[in-house]
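Going by the working numbering, the first residue of the sequence shown is number 780, and it counts up by one from there.
Notes to accompany the following structure.
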Amino acid sequence: MSEETPAEQSPQEEFDRLYNELYRRNAQWAHFVVHYLGNGFNARQGAISAGYSEANAHNQGYRLTINDDVSPVIAAGKSAMKATPEEILMRMTRRARGTIEDFITQTEDGSLAYDMTSERAMQSIGNVREIKFMQVREEKETKHGMSTRIVNKVDLKLHDAMKADEILGKHHGLFVERVEHGDSEERQKRSKEEREHELAMMRRIRKERAQE
780 MSEETPAEQS PQEEFDRLYN ELYRRNAQWA HFVVHYLGNG FNARQGAISA GYSEANAHNQ
840 GYRLTINDDV SPVIAAGKSA MKATPEEILM RMTRRARGTI EDFITQTEDG SLAYDMTSER
900 AMQSIGNVRE IKFMQVREEK ETKHGMSTRI VNKVDLKLHD AMKADEILGK HHGLFVERVE
960 HGDSEERQKR SKEEREHELA MMRRIRKERA QE
């Protein structure tokens, strides 16, 4: 009995698979890949955006691009960027449906926090446009004096869902009829009025010159 061969994955699906594997191994490496691919392959800026020190970002970025675990994900990402029209439409559809709720979880104390490790977040990682990791010093006054702690925070930005809606709407012809029928009659009327006004001006100029 022959073994079933897995269905061939699209470049985007291959990138998503490798990215999720890398994220489980080292989340910061995965964030570097996203920023490196998204900023035009600037390794230094990708390292900074992923949370590495600016002082060492150049060397760190270069090392990551040749890292045996990271470089295959970068290669898959570049391949996925050469998408077919169908893949582009699928990507736009995901972005149009994307929501920040995919990356938020409720903590034990009832507050909300980013969770980049959940299954839902990993499935929606392609909707992320920018991730920044920050360390913020928080001070709180207690009965024993001032208490200071360092809190890790995430600044997450998604791709523009409204822009994706606009692209999909144009592709499916949702706006064509409204544009064509909505202003063609008004445009013809305005054009006729402008021509009549220009002709009247020319007649008046010729009359004035003839009287000189």
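Glycine included, each C-beta is placed from N, C-alpha and C at the ideal position.
Asked                                                                                                                                                                  : Found
Could you tell me if N931 is buried or exposed, where buried requires 16 or more neighbouring beta carbons within 10 angstroms of its beta carbon?                     : exposed
Assess, as a yes-or-no matter, whether the segment 896–910 is touched by the segment 810–825 under the definition of 3 or more beta carbon pairs within less than 8 Å. : yes
Leaving out five residues before and five after H950 in sequence, what residues of the same chain have Cβ atoms less than 7 Å from its Cβ?                             : L868
Determine the closest residue to E747 out of A854, M871 and L937, with distance taken between C-alpha atoms.                                                           : Outside the displayed range of the chain (780 to 991) lies residue 747, so it cannot be described from this structure.
Indicate whether the contact test is met: 3 or more Cβ pairs, each with one atom in the segment 873–887 and one in the segment 926–946, closer than 8 Å.               : yes
According to the Cβ coordinates, are A859 and D881 closer than 8 Å?                                                                                                    : no
For K936, which residues of its own chain have a beta-carbon under 6 Å away from its beta-carbon, when the five flanking residues on both sides are left out?          : R908 and E909
Have a look at A822 and H810 and give me their C-alpha separation to the nearest angstrom.                                                                             : 12 Å
What number of angstroms, rounded off, separates the C-alpha of H938 from the C-alpha of Q902?                                                                         : 15 Å
Among the residues of its own chain, which have a CB less than 7 Å from the CB of Q807, if the five just before and after it don't count?                              : A829 and G830
Who are the near neighbours of E917 in its chain, counting only those whose CB is closer than 6 Å to its CB and skipping five residues on each side?                   : R928 and V930
Looking at the structure shown, is Y798 part of a helix, part of a strand, or coil, going by DSSP?                                                                     : helix
Tell me whether T921 sits in a helix, a strand or coil according to DSSP, three-state version.                                                                         : strand
With a threshold of 16 other CB atoms inside 10 Å of the CB of Q839, please say whether the residue is buried or exposed.                                              : buried
G905 to M925, Cα distance in whole Å?                                                                                                                                  : 42 Å
Could you give the distance in angstroms between the alpha-carbon of A826 and the alpha-carbon of E787?                                                                : 32 Å
Which term fits L801, buried or exposed, when burial requires 16 or more other beta carbons within 10 angstroms of its beta carbon?                                    : buried
To the nearest whole angstrom, what separates the beta carbons of V933 and Y893, a pair I think is in contact under 8 Å?                                               : 4 Å
Using CA atoms only, rank isn't needed, just tell me which of N846, G856 and L843 is closest to L797.                                                                  : G856
Looking only at its own chain, which residues have a Cβ that is under 7 Å from the Cβ of K919, when we skip the five neighbours before and after it?                   : S926
Could you pull the DSSP bridge partners for R803 from this structure?                                                                                                  : DSSP output for R803 lists no bridge partner at all.
Checking the sheet assignment: what are the DSSP bridge partners for R916?                                                                                             : I929
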